[in-house]
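Colleague:
Numbering (my numbering), first residue to last: 655 to 899.
(1) Count the other CB atoms within 10 Å of the CB of residue 778; is the residue buried (16 or more) or exposed (fewer)?
(2) Taking the alpha-carbon of residue 664 as reference, which of 841, 835, 696, 783 has the nearest alpha-carbon?
(3) Can you give me the start and stop residues for the alpha helix (DSSP H) that residue 701 sits inside?
(4) Check this for me: beta carbons of residue 679 and residue 723, under 7 Å apart or not?
(5) Rank 718, 792, 745, 749 by C-alpha distance to the C-alpha of residue 760 and give the top, closest one.
(6) Using a Cβ distance threshold of 8 Å, determine whether the region 662–676 contacts the region 694–712, with at least three qualifying pairs required.
(7) Hey, how far is the Cα of residue 661 from the Cα of residue 708?
(8) State yes or no: is the C-beta of residue 773 within less than 7 Å of the C-beta of residue 890?
(9) Within a Cβ cutoff of 6 Å, which residues of the same chain sit near residue 816, ignoring the five residues on either side of it in sequence?
(10) Does the distance from the CB of residue 846 to the CB of residue 748 come in under 7 Å?
(11) Helix or strand or just coil, what does DSSP make of residue 793?
(12) Near residue 712, what residues of its chain come up, given a Cβ to Cβ distance below 6 Å and the 5 sequence neighbours on each side ignored?
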């Protein structure tokens with residue numbers, strides 16, 4: 655188990671600090687409202703080549719160790735082939751569900767060979783501010799997630815999508831609950847990501863960019879408020895005679 659120290663920002667702008675225990679991470683895939691059957695078939699054909707069995711129902715749910723969740727502003731990795739994927743995050747607790755934004759970081763080289771091992775290679779980063787689901791439920795579809803990345807002084811838009819393409823939060827939580835033997839409370843539920851194409855397709859795997867940083871945002875246009883967070887990526891290259899991939 656790990657714990658996250660978070661700031662909850664309510665609709666009226668007031669804040670409250672909470673500590674949320676995280677016992678599980680559920681990484682979702684293909685959590686879309688209107689999946690394209692042909693595209694889904696092609697994706698699972700590709701995943702089958704690296705040993706991934708197609709689940710009976712969608713979304714696909716892949717566990718990730720809970721200690722690999724952080725709000726840090728820097729992560730250290732052991733390979734230059736790591737990259738992040740933008741997602742919204744649901745944090746159900748005994749009292750309520752919080753909404754946040756995060757970047758799921760993986761070693762892309764390992765991802766091309768074994769999905770489950772790739773989920774154990776790098777931390778996932780979530781912003782340290784969250785909203786209450788009840789404050790945004792009525793305009794959920796209009797919320798927007800965005801991510802920027804780059805190298806050095808370069809910065810470019812990497813991913814962007816509105817949440818109307820994904821399963822609604824209650825439906826996503828119900829799907830997780832139906833597939834697992836563990837309680838929802840204490841589970842960090844990651845939505846699945848979007849493509850790096852301009853249309854933000856949720857049924858397509860993104861072309862992962864190996865950036866020096868990832869800047870994420872969850873934006874509520876009706877209230878003109880946002881959650882923003884950035885983390886840097888550092889290569890663990892401090893040993894002179896150890897060559898990292």
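Virtual Cβ for every residue (Gly too), placed ideally from N, Cα, C.
Modeller: Reading off the structure:
(1) Counting from one through the chain shown, the residue named residue 778 turns up at place 124. Taking every protein chain shown into account, the CB of residue 778 has 16 or more other CB atoms within 10 angstroms, so this residue is buried.
(2) Translated into positions along the chain shown, residue 664 becomes position 10. When each option's Cα is compared against that of residue 664, the closest is 783.
(3) Here residue 701 refers to the residue found at position 47 when the chain shown is read from its first residue. 691–702 is the span of the alpha helix (DSSP H), which, as asked, contains residue 701.
(4) Position 25 of the chain shown, counted from the first residue, corresponds to residue 679. Position 69 of the chain shown, counted from the first residue, corresponds to residue 723. Taking 7 Å as the Cβ cut-off, residue 679 and residue 723 qualify as a contacting pair.
(5) Counted from its first residue, the chain shown places residue 760 at position 106. Taking only the C-alpha atoms, the option nearest residue 760 is 718.
(6) As far as the Cβ criterion goes, the region 662–676 does not touch the region 694–712, which means the pair count is below three.
(7) Looking up residue 661 in the chain shown gives position 7. Looking up residue 708 in the chain shown gives position 54. Approximately 38 Å between the Cα atoms of the pair.
(8) Locating residue 773 in the chain shown gives position 119, counting from the first residue. Locating residue 890 in the chain shown gives position 236, counting from the first residue. The criterion of a C-beta distance shorter than 7 Å is not satisfied by residue 773 and residue 890.
(9) For the purposes of this step, residue 816 is taken as the residue at position 162 of the chain shown. Here the set comprises 798.
(10) For the purposes of this step, residue 846 is taken as the residue at position 192 of the chain shown. For the purposes of this step, residue 748 is taken as the residue at position 94 of the chain shown. In this structure, residue 748 does not lie closer than 7 Å to residue 846 by Cβ.
(11) As a working note, residue 793 is residue 139 in the chain shown. DSSP places residue 793 in the helix class (H, G or I) of the three-state scheme.
(12) In the chain shown, counting from the first residue as 1, residue 712 sits at position 58. Excluding sequence neighbours, residue 712 sits near 684.
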